[in-house]
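Residue 717 in full-length UniProt numbering sits at position 30 of the sequence shown, with consecutive numbering throughout. To keep things clear, I will list the structure first and then write my remarks on it.
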Amino acid sequence: AKQEGRNGYRFFTSEMQRQSARILQLESALRQAQANRELHLCFQPQVSIDGQRLVGAEALLRWTHPQLGVISPAEFIPIAEGSGLILPIGEWVLRSAVRQMKAWLDQDYPSEMTIAVNLSLVQFRHPGLVELVVDVLQESGLPAHCLELELTESVAMHDPAAAIAVVRRLHALGVRLSVDDFGTGYSSLSYLKQFQVHKLKIDQSFIRQISEDGHDQSIVRAILGMACSLGMLTIAEGVETSAQLAELERLGCAEVQGYLFGKPMAAAEFDARVRQQQLV
Ligand code: C2E
Ligand code: CA
Ligand code: CA
Ligand code: CA
């Protein structure tokens, strides 16, 4: 209070104590979350720029704690990464997402559609990753080309030589790879080429003001041109308005994801929504 206000240092430590107590609380709650069935997946549609074709779905993890309520992945994913819990949780995400995609394909979903799953650096560096992916695909019967793994630039750049070796093995399985949040990290173009990445996901920070901001338009135009000349696909993230969509269409972007076409939704709601939009 008043006493603390005069002492910046003491204020700072109490703020840090509060934060570390929260982290410890969430970490211990997260240990139980899987067994207590507090985790579930949401799916967000990815569509062709004309809005006519469902090209994919991104699986996004959700956690609702009985007392603490809904906790954002932006808060709990870093805690899961720091504690190693991301390994069992990430495995559950991968298995569940792939199983759901297989069920949809067995219905009437487009056969060239992909399910995108986010991978953390911790998961990517784990020696069992490739075997896990093989196992999950075999167990589910999902064709490898229907699985897309999303890596961030920091994952790719952490230990490029090791990362390229893992990517080659995933590539050999037929799994797709995309670079998430593209444009916010530091990946060099020469590494990207060696990575045999299929798709760049243009970060939503470049999309937010794209209908007004000439700089953002130039950046997105440059990314699209580069991706095209390297033979990569592109998708724009965070598309919320028809003005953004129109600008992306003008620039030649082929695929979009964002609230304009649907928020992340539980599987049943996703299914109802894409049928209502006649995407399936
Ligand atoms: P991300 O992979 O970049 O996911 C996109 C985020 O943008 C999601 O937030 C999504 O709900 C949000 N989003 C989608 N469309 C729009 C839009 O039109 N406007 C706005 N403002 N936002 C939009 P979410 O679900 O809160 O996830 C946050 C981050 O948490 C993800 O960012 C990802 O880095 C991480 N994450 C989520 N699920 C997983 C997971 O299963 N594994 C791992 N390793 N990370 C995950
Ligand atoms: Ca993502
Ligand atoms: Ca992203
Ligand atoms: Ca992000």
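Glycine included, each C-beta is placed from N, C-alpha and C at the ideal position.
Whole-angstrom distance between residue j and residue i, CA atom to CA atom
| i | j | result |
| --- | --- | --- |
| Pro797 | Glu702 | 51 Å |
| Glu956 | Thr928 | 21 Å |
| Lys689 | His752 | Here the model assigns Lys689 a pLDDT of 48, short of 50, so the residue's position is not dependable, and the following value carries that caveat. Approximately 35 Å, taken between the alpha carbons. |
| Ala761 | Asp793 | 33 Å |
| Pro784 | Gly777 | Going by the sequence as given, residue 784 is Ala instead of Pro. C-alpha separation (whole angstroms): 10 Å. |
| Gly925 | Tyr946 | 7 Å |
| Arg786 | Gly901 | 42 Å |
| Arg740 | Met788 | 16 Å |
| Val864 | Arg697 | Contrary to the premise, residue 864 reads as Leu rather than Val in this sequence. Spanning the two alpha carbons is a distance of roughly 47 Å. |
| Ala930 | Ser707 | 42 Å |
| Glu768 | Pro951 | 22 Å |
| Glu799 | Val817 | 22 Å |
| His858 | Ile766 | 29 Å |
| Ala954 | Trp750 | 15 Å |
| Asn805 | Glu899 | 31 Å |
| Cys729 | Trp779 | 13 Å |
| Val862 | Arg705 | 42 Å |
| Arg782 | Gln733 | 20 Å |
| Met844 | Val809 | 13 Å |
Ligand 1 heavy atom lying under 7 Å from the CB of residue i
| i | result |
| --- | --- |
| Glu927 | yes |
| Leu747 | yes |
| Ser807 | yes |
| Gly777 | yes |
| Val820 | no |
| Ser759 | yes |
| Gly945 | yes |
| Pro765 | no |
| Val780 | yes |
| Pro951 | yes |
| Gln964 | no |
| Gln794 | no |
| Ile773 | yes |
| Gln787 | no |
| Gln891 | yes |
| Gln721 | no |
| Gln904 | no |
Expected contact under 8 Å - CB spacing of residue i and residue j to nearest Å
| i | j | result |
| --- | --- | --- |
| His727 | Leu774 | Wrong, their Cβ atoms sit about 19 Å apart, outside the cutoff. |
| Val921 | Glu934 | Before going on, a small fix: residue 921 reads as Thr here, not Val. The pair is not a contact, with the Cβ atoms about 14 Å apart (cut-off 8 Å). |
| Leu911 | Leu938 | 6 Å |
| Ile897 | Asp903 | 5 Å |
| Ile906 | Phe882 | Not quite, the Cβ-Cβ distance comes to about 21 Å (not below 8 Å), so this is no contact. |
| Ser841 | Gly870 | Actually they do not touch by this definition, with Cβ atoms about 13 Å apart. |
| Ile802 | Ala744 | 6 Å |
| Ala923 | Ile894 | 5 Å |
Exposure of residue i, with buried meaning 16 or more beta-carbon neighbours within 10 Å
| i | result |
| --- | --- |
| Thr700 | exposed |
| Gln731 | buried |
| Lys888 | buried |
| Leu711 | exposed |
| Gly949 | buried |
| Lys886 | buried |
| Leu834 | buried |
| Val757 | exposed |
| Leu755 | exposed |
| Ala959 | exposed |
| Gln944 | buried |
| Ser807 | buried |
| Leu940 | Reading off the sequence, residue 940 comes out as Cys, not Leu. Buried, by the Cβ-count rule. |
| Ala716 | buried |
| Glu826 | exposed |
| Asp737 | exposed |
Any chain B beta carbon closer than 8 Å to residue i
| i | result |
| --- | --- |
| Ala923 | Structure shown: chain B not included; a single protein chain is present. |
Check: residue i C-beta below 7 Å from any heavy atom of ligand 3
| i | result |
| --- | --- |
| Glu924 | yes |
| residue 646 | Only positions 688 to 967 of the chain appear in the structure, and residue 646 is not among them; the question remains open. |
- Item | Contact shell at 6 Å, judged by CB to any heavy atom of ligand 2, ordered along the chain | Those residues that have a beta carbon less than 6 Å away from any non-hydrogen atom of ligand 2 are, in order along the chain, Glu745, Asn805, Glu837, Asp867.
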